[in-house]
Amino acid sequence: MLNEYSKLLKFKPSIPEKAVEICPETMACRAEGLKRKFMMESMVGVLIEEPFPNLALDEICKQIRDSIQEAFTIENAIKGQLQAKQKIYADKHPNGRPNS
């Protein structure tokens, strides 16, 4: 059994010389009745154009980059505020305990 599987690893797919490329419509033409109807309904068209315009994609990337930069700016501001409060607290209470 392992020998048969090893043959699959060496297999190189190729198109036969006499092969003819056909479209889905050609296959549906030969079908009749419900078979044809279902084949026609299940066909998927080919996208010729780009799925997403590059300009729109660039704009989205810029918005994401700006949002990340804004998040870093806010994070740094909050860290600065916390450090300032910790410094004030440390100056008021040098031993780490507030006076009661």
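If you want the numbering used here, it's the position in the sequence shown, counting the first as 1, plus 397.
Beta carbons: idealized from backbone N, C-alpha and C, even for Gly.
Coil, strand or helix - residue i by DSSP
i: Ser403; result: helix
i: Ala481; result: helix
i: Phe408; result: coil
i: Ile419; result: coil
i: Glu467; result: helix
i: Glu472; result: helix
i: Gly430; result: helix
i: Met440; result: coil
i: Glu456; result: helix
Close Cβ partners of residue i (< 6 Å) along its chain, the five nearest in sequence each way excluded
i: Lys428; result: For the sequence presented, residue 428 should be read as Ala rather than Lys. Only Met436 meet the Cβ criterion.
i: Cys350; result: There is simply no residue 350 to check, as the chain begins at 398 and stops at 497 in what is shown.
i: Tyr402; result: none
Residue i and residue j closer than 8 Å at C-beta
i: Pro410; j: Met440; result: no
Own chain, CB closer than 7 Å to residue i, minus 5 neighbours either side, in chain order
i: Ala416; result: none
i: Asn545; result: Lying before the first or after the last residue shown, residue 545 is absent from the chain, which here runs from 398 to 497.
Contacts around residue i, its chain only, beta-carbon distance under 8 Å, and the 5 residues preceding and following it disregarded
i: Met424; result: Met436
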